[in-house]
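Undergrad: Using the UniProt record's numbering, you'd call the opening residue of the sequence shown number 1 and step up by one each time. Just passing along the structure, written as structure tokens.
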Amino acid sequence: MARDAEVFGGGVAVVTGAGSGIGAGIARRAGQIGMTVIVADINEQAAAGTVDEITSAGGKAEAWKLDVSRPEELDRFAEQVFARHGEVRLLINNAGIETVGYTWEVPTARWEATLNINVHGVIHGVRAFVPHIIASGKEAWIGNLSSVGAFGHMPAQTAYTVTKHAVQAFSECLYLEMELKNLPIHVSSIVPGMLRTNIFNAEAGEGEPANAQAHRRAMFEMMRDYGMDLDEGCRLFLEQMAENKFWVHSQPEMSEQIIGGRIRFLQDQIPPIMPDLARQIAAD
Numbered sequence: 001m002a003r004d005a006e007v008f009g010g011g012v013a014v015v016t017g018a019g020s021g022i023g024a025g026i027a028r029r030a031g032q033i034g035m036t037v038i039v040a041d042i043n044e045q046a047a048a049g050t051v052d053e054i055t056s057a058g059g060k061a062e063a064w065k066l067d068v069s070r071p072e073e074l075d076r077f078a079e080q081v082f083a084r085h086g087e088v089r090l091l092i093n094n095a096g097i098e099t100v101g102y103t104w105e106v107p108t109a110r111w112e113a114t115l116n117i118n119v120h121g122v123i124h125g126v127r128a129f130v131p132h133i134i135a136s137g138k139e140a141w142i143g144n145l146s147s148v149g150a151f152g153h154m155p156a157q158t159a160y161t162v163t164k165h166a167v168q169a170f171s172e173c174l175y176l177e178m179e180l181k182n183l184p185i186h187v188s189s190i191v192p193g194m195l196r197t198n199i200f201n202a203e204a205g206e207g208e209p210a211n212a213q214a215h216r217r218a219m220f221e222m223m224r225d226y227g228m229d230l231d232e233g234c235r236l237f238l239e240q241m242a243e244n245k246f247w248v249h250s251q252p253e254m255s256e257q258i259i260g261g262r263i264r265f266l267q268d269q270i271p272p273i274m275p276d277l278a279r280q281i282a283a284d
């Protein structure tokens, strides 16, 4: 039996942003290993599609409509999940959007949406669920979606990069809080490298500056051509979480290279270095 099935099987998994992308991949894996999966997404139809994939493969899943940018919705969601199921073994705060455009050109509404979904959705997801988990007295695992982008810098992806730096710092502090309080809640920072998802699809850029489309297209093509299979990456995420690892990677070598560059940048205190990819996109 796979390690994740041994640890998580039979429990309840809550995955936000599970209508597509990494959230859907993690939800499918959770269903495969015998979990009851709460598939939450602002797009109810997309959530239902993930549920259909899980149930058609013999798993158990429920679709819930949820806007993680609204803390009061997360509060109600946590209350309803615990009222219905009595426990949550696995909480994945995944919901997030990519925003492309120069800082001063991204409209206020898109900035606020990016911050509220990517940062506040994770923070308030934890805040809403942890008191219920503690009250249940059961062991649990929390995975927050960071990124290799949490350890670097990329012009025209500033909004997204800022949020992932924030999620990484939040997860590190949360891990220590669980240790300080001696709680049986394991915290992981999930660090995807390059996975084949739809995060850079053109339609996902609604509300961005018009000149962001070339950058989106270049990133989409790179992920399509060189990205890792989504389901394989999500399988690796849950396996590592089942081993109580804080650092959870899809492509450890990529993470090591980027984190190594970050360490040198901080040690040498040099100005930020322009990524080659940024220059290439700007030149196209």
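Glycine residues also receive a C-beta, built at the ideal position from the N, C-alpha and C atoms.
Whole angstroms are fine: how far does the CA of Val106 sit from the CA of Met154?
TA: As a first step, residue 154 must be located in the sequence shown, where it is residue number 154. As a first step, residue 106 must be located in the sequence shown, where it is residue number 106. Rounded to the nearest angstrom, the two C-alpha atoms are 15 Å apart.
Undergrad: Does the distance from the CB of Ile38 to the CB of Val14 come in under 8 Å?
TA: For the purposes of this step, residue 38 is taken as the residue at position 38 of the sequence shown. For the purposes of this step, residue 14 is taken as the residue at position 14 of the sequence shown. A contact, by the Cβ cut-off of 8 Å.
Undergrad: Would you call the region 125–132 and the region 219–238 touching, i.e. three or more CB-CB distances under 8 Å?
TA: Touching, no, given that fewer than three Cβ pairs across the two stretches are closer than 8 Å.
Undergrad: Is it the case that the region 256–275 contacts the region 142–154, given that we only count it when at least three CB pairs across the two stretches are under 8 Å?
TA: Yes, the region 142–154 touches the region 256–275.
Undergrad: With DSSP collapsed to three states, give me the class of Asp4.
TA: Here residue 4 is taken as the residue at index 4 of the sequence shown, counted from 1. In the structure shown, Asp4 sits in a helix (DSSP, three-state: H, G or I).
Undergrad: Grouping DSSP H, G and I as helix and E and B as strand, with all else coil, what is residue 301?
TA: Any question about residue 301 goes unanswered here, given that the chain covers just 1 to 284.
Undergrad: Do you know whose CA, among Glu208, Thr16 and Met178, lies nearest residue 289's CA?
TA: Because the chain in this structure spans residues 1 to 284, residue 289 falls outside the shown range and cannot be described.
Undergrad: Taking its Cβ as the centre, do 16 or more other Cβ atoms sit within 10 Å of Gly19, making it buried, or is it exposed?
TA: Locating residue 19 in the sequence shown gives position 19, where the first residue counts as 1. It is buried - the Cβ of Gly19 has at least 16 other Cβ atoms within 10 Å.
Undergrad: Who are the Cβ neighbours of Ala159 in its own chain at under 7 Å, not counting the five residues just before and after it?
TA: Numbered from its first residue, the sequence shown carries residue 159 at position 159. Once the five neighbours on either side are set aside, the close Cβ partners of Ala159 are Thr99, Val106, Trp111 and Thr114.
Undergrad: From this set, Gly31, Val126, Gly121 and Leu145, which residue's C-alpha is nearest Leu66's C-alpha?
TA: Taking the first residue of the sequence shown as position 1, residue 66 is located at position 66. Selected option, being the one with the closest Cα: Gly121.
Undergrad: Would you report the Cα separation of Ala214 and Asp4, rounded to the nearest angstrom?
TA: Position 214 of the sequence shown, counting from 1, holds the residue named residue 214. Position 4 of the sequence shown, counting from 1, holds the residue named residue 4. Answer to the nearest angstrom: the Cα atoms are 39 Å apart.
Undergrad: Check His153 in the structure and name its three-state DSSP category.
TA: Start at 1 with the first residue of the sequence shown, and residue 153 comes out as number 153. The answer is coil: DSSP assigns His153 none of H, G, I, E or B.
Undergrad: What separation, rounded to the nearest whole angstrom, lies between the Cα atoms of Ala53 and Asp225?
TA: For the purposes of this step, residue 53 is taken as residue 53 along the sequence shown, with counting starting at 1. For the purposes of this step, residue 225 is taken as residue 225 along the sequence shown, with counting starting at 1. The sequence as given places Glu at residue 53; Ala does not occur at that position. Cα to Cα, the separation comes out at about 25 Å.
Undergrad: If you draw a straight line from the alpha carbon of Ser146 to that of Val167, how long is it in whole angstroms?
TA: Reading the sequence shown from its first residue, position 146 is the one you call residue 146. Reading the sequence shown from its first residue, position 167 is the one you call residue 167. Cα to Cα, the separation comes out at about 6 Å.
Undergrad: My understanding is that Met194 touches Gly227, with C-beta atoms under 8 Å, so please give their C-beta distance in whole angstroms.
TA: Walking along the sequence shown from the start, residue 194 turns up at place 194. Walking along the sequence shown from the start, residue 227 turns up at place 227. With 8 Å as the limit, Met194 and Gly227 qualify as a contact, their Cβ atoms being about 5 Å apart.
Undergrad: Do the region 42–57 and the region 73–90 meet, that is, are 3 or more Cβ pairs less than 8 Å apart?
TA: Segments in contact, no.
Undergrad: Ordered along the chain, which non-local residues of its own chain (more than five positions away) have a Cβ less than 6 Å from that of Ala78?
TA: As a working mapping, residue 78 is identified with position 78 in the sequence shown. Cβ neighbours of Ala78 beyond the five flanking positions: Ala128, Phe129 and His132.
Undergrad: Which complete beta strand (DSSP E) runs does the region 162–217 hold, if anything under 3 residues is left out?
TA: Listed in chain order, the complete beta strand (DSSP E) runs (minimum 3 residues) inside the region 162–217 are 185–191.
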